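Each remark here refers to the structure printed beneath this line.
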Amino acid sequence: MLQLKQKFEQAGQAHVFKFFDELDDSQKKALVEQLEMVDLQELDYLNKTLVFAENTETGIDFEKLIPAPYAPLPEDKNTDTKWLEAKKVGEDAIKAGKLAAFVVAGGQGTRLGFNAPKGLYKVTPVKEKSLFQVFAEKILSASKKYGVSIPWIVMTSHINNKATVEFFEENNYFGLNKNDVIFFKQGLMPAVDLNGKIILEEKGKIAMTPDGHGGCLRGMVRSGAIAELKKRGIECVSYFQVDNPLVDIIDPYFVGFHLLGKSEMSSKMIAKAYPLEKVGHFCMLNDKLTVVEYSDLPNEYQEQTDENGKLKFIAGSVAIHIVDVNFIEKLGSSQKDEDRLPFHRANKKIPFVNDNGECVKPEKPNGVKFEMFVFDALPMAKNPVIIEGFRGDEFSPVKNAEGLDSPLTCKNHQKAQWRRWFANAGVEIEADAEGIPSINIEVSPMFATNQADFTKAWNELPSKPSIADNLYLQ
3 MLQLKQKFEQ
13 AGQAHVFKFF
23 DELDDSQKKA
33 LVEQLEMVDL
43 QELDYLNKTL
53 VFAENTETGI
63 DFEKLIPAPY
73 APLPEDKNTD
83 TKWLEAKKVG
93 EDAIKAGKLA
103 AFVVAGGQGT
113 RLGFNAPKGL
123 YKVTPVKEKS
133 LFQVFAEKIL
143 SASKKYGVSI
153 PWIVMTSHIN
163 NKATVEFFEE
173 NNYFGLNKND
183 VIFFKQGLMP
193 AVDLNGKIIL
203 EEKGKIAMTP
213 DGHGGCLRGM
223 VRSGAIAELK
233 KRGIECVSYF
243 QVDNPLVDII
253 DPYFVGFHLL
263 GKSEMSSKMI
273 AKAYPLEKVG
283 HFCMLNDKLT
293 VVEYSDLPNE
303 YQEQTDENGK
313 LKFIAGSVAI
323 HIVDVNFIEK
333 LGSSQKDEDR
343 LPFHRANKKI
353 PFVNDNGECV
363 KPEKPNGVKF
373 EMFVFDALPM
383 AKNPVIIEGF
393 RGDEFSPVKN
403 AEGLDSPLTC
413 KNHQKAQWRR
423 WFANAGVEIE
433 ADAEGIPSIN
443 IEVSPMFATN
453 QADFTKAWNE
463 LPSKPSIADN
473 LYLQ
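The sequence shown maps to residues 3 to 476 in the working numbering.
Written out as C-alpha cells, the structure is:
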C-alpha cells in the first residue's frame, strides 16, 4: 500500500488518495484495485504527447492524399476467375479451422433507448432475434457448412460483461459450443483533467473510460484470447462490430483475398451512398493505407469526382476486417511505440469530486479521455488488402432510434436482401421502389447466409411454404 502511494506521489498523482481516510474498507479496497490497473508510465507519456502538446493530432497533407486501390465487385462472383480463386483459398482455410470470428460489443443500447448491452437488442422482422443471436446463427451455420467448429471472440466491457455472459447462458449459447465462445472485457484508461491529473469521479473512485475499439487488439493479448486462438491453430480473425446484423462474418471470398495477398490486415469497403456520408475513407498517404474520418476530410475531397462523374474517394470504411493473429499479438504486446496503436485524445465532460468532496457535473469539457482506433493498425500492416462489398448484403447498422441507421431501416434492408434471394430462386415478392417487400419475411441464417446457399436450400425443400405475411424460413 505504501509502495502504491509512493508511485502515485512520484508521478504527481498523489491527489487520488486525498479522501482515502474517509473511505470504508470496501471502498478502500476498490480504489486500490483501480489504482493498481493504472500504467503510470503510459499515462505520463500520454500527458506529454496528447494533453500538454500544442498540436496533438498530426495534420494530414491533403495534397498527397489519394484514393486507396481495392478489388471491385465483379458482375458475377461465380464466374470471375480472380474471385473464384479467392473463394477456393478461403474455403480451404475455413475448413482447415484457421478462422475465428471476433465481435466488438462493449457498448450499451443507450442511443436506441435500450438500457442493456447492445448485442441484446432485437433486430429481425419476424422472430425478433437479438443481434447476438443473428451472429451466433451465422457462425453456427458456417460451422456446419464447412464441418469445423469456428470459435467466436466477444469483446464486452466492464459495464456490460455480466449481462452479456448471462444472456448467452440463458440462451444456451444459441446452439454454439460454450467452449467455442470466448469473452474478454475491453480495457480501461484513466481520464485526466486539462492539467494531466487523474480525475476522481467519487471520493473513492477514479474516472476510468474504455480505451476505444482499437483497444481490442491489446485486450485480446492481455486477456489470453490470442494465446487460446494460437493453441487452436487459428491464423486470422473476422472482425466486425455488434451493430451490423447484415455482416457476412464467414466470407470465403474475403478470407481468400486476405491470404492470397499475404496481408496482415484486410478490409471491406462499401461504396459511399452519397458524397458526405458519415463513414471513414480508405486513402493512401505516403504509400501507406490509412483511414481518414469524414470529420477530418474536407468536403471538397469527399465530393471530388473522376472523369466519369464517379466519386473519387468512394471507398467507405465500415469496420469489417480480417486480421492475422500474429499481427494482433505483435501490436498488442509490443513495448515499442512504433509497433503500438497510437492513442487519440477526446475532450469530454467528466463528472468529478471537488476539493470539498462534492460531486460536480461540468457544463463544458473539463477532461481528456484516451482512446485507440482499430483502423490505425492499417498503416502498420504488411500488404493490406481491400475488397468491395455490396451494401445491401453487408452493411445496415442499428445506431439511432429513428431515421438513418435505425431499427426500421435495418429491418427493411434485411427484408430487401431476402426478397432478392427469393427472386434469384424464381419467386417474386411484391415490393416498393426501394425493393422493400410489402409483407414481413425472415430467413434464418440456419437456412441460408447468402444468395447461392438460399437458392440451393429452397430448391431442395420437398414442399414450399406459401409466400404470406410473417413468412419465416429456418
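Where a beta carbon is used, it is the ideal one built from N, C-alpha and C, also for glycine.
Just so it is clear, the structure is predicted and the values come from calculations on it, not from any experiment.
{"Item": "Whole-angstrom distance between L52 and E203, CA atom to CA atom", "Value": "21 Å"}
{"Item": "Local conformation of G391 per DSSP, three classes", "Value": "strand"}
{"Item": "Ordered list of alpha helix (DSSP H) runs contained in the stretch 335-380, each at least 4 residues", "Value": "none"}
{"Item": "DSSP state of D195 mapped onto helix, strand, coil", "Value": "strand"}
{"Item": "Same chain only: Cβ atoms within 8 Å of K100, ignoring 5 sequence neighbours per side", "Value": "G235, I236, E237 and C238"}
{"Item": "Nearest to N173 (by Cα), restricted to the options M210, L196 and S132", "Value": "S132"}
{"Item": "Sequence-distant residues of its chain with Cβ nearer than 6 Å to P409 (five each side left out)", "Value": "V400"}
{"Item": "Start and end residues, beta strand (DSSP E) containing Y241", "Value": "C238 to Q243"}
{"Item": "Cut-off 8 Å between Cβ atoms - residues of its own chain near P247, not counting five sequence neighbours on either side", "Value": "V125, T126, L133, V136, F137, S398, V400, C412 and Q416"}
{"Item": "Residues sharing a beta bridge with Q110, DSSP", "Value": "P119"}
{"Item": "Option nearest T158 by Cα separation, candidates Q188, R224 and A275", "Value": "Q188"}
{"Item": "E266 in three-state terms, based on DSSP", "Value": "coil"}
{"Item": "8 Å Cβ cutoff met for L343 and G216", "Value": "yes"}
{"Item": "Residue from S143, I155, D26 and K31 whose Cα sits closest to the Cα of V327", "Value": "I155"}
{"Item": "Three-way DSSP call (helix, strand, coil) for F104 in this model", "Value": "strand"}
{"Item": "Coarse secondary structure for Y72, derived from DSSP in three states", "Value": "coil"}
{"Item": "Presumed contact (8 Å Cβ cut-off) between N32 and G206, rounded CB distance", "Value": "Sequence check: residue 32 is Ala here, not Asn. That pair is a contact at about 6 Å."}
{"Item": "Beta bridge counterpart(s) of M157 as assigned by DSSP", "Value": "V106 and F186"}
{"Item": "Residue environment, S468, which counts as buried when at least 16 other CB atoms sit within 10 Å", "Value": "exposed"}
{"Item": "Which listed residue (E44, S240 and L313) has its alpha carbon closest to that of M191", "Value": "E44"}
{"Item": "Beta-carbon proximity check, Q243 vs N162, cutoff 8 Å", "Value": "no"}
{"Item": "Close beta carbons around A433, own chain, < 7 Å, minus the five adjacent residues each side", "Value": "R421, P439 and S440"}
{"Item": "Beta-carbon contacts of P74 that lie in its chain and below 7 Å, excluding the five residues immediately before and after", "Value": "E390"}
{"Item": "Residues near P488 by beta carbon distance below 7 Å, same chain, minus five either side", "Value": "Any question about residue 488 goes unanswered here, given that the chain covers just 3 to 476."}
{"Item": "Contact check, F22 vs I201, beta carbons under 8 Å", "Value": "no"}
{"Item": "Whole-number beta carbon distance between A459 and L114, since they are thought to touch under 8 Å", "Value": "About 32 Å separates the two Cβ atoms, so there is no contact after all."}
{"Item": "DSSP beta-bridge partners of L451", "Value": "Per the sequence shown, the amino acid found at residue 451 is Thr instead of Leu. According to DSSP, which records beta bridges pairwise, T451 is partnered with nothing at all."}
{"Item": "Whole beta strand (DSSP E) elements within the stretch 281-307, 3-residue minimum", "Value": "282-287 and 290-294"}
{"Item": "Beta-carbon proximity check, K371 vs A193, cutoff 8 Å", "Value": "yes"}
{"Item": "Terminal residues of the alpha helix (DSSP H) in which V91 lies", "Value": "T83 to K97"}
{"Item": "Spatial distance of P447 from L122 (CA atoms)", "Value": "17 Å"}
{"Item": "Bridge partners - H323, DSSP secondary structure assignment", "Value": "Y241 and S269"}
{"Item": "Residues that DSSP places opposite P439 in a beta bridge", "Value": "A433"}
{"Item": "Cα-Cα separation, C285 to H346", "Value": "19 Å"}
{"Item": "Beta-carbon gap between S240 and V387 smaller than 8 Å", "Value": "no"}
{"Item": "Proximity to L37 [Cα-Cα], best of L48, V167 and V18", "Value": "V18"}
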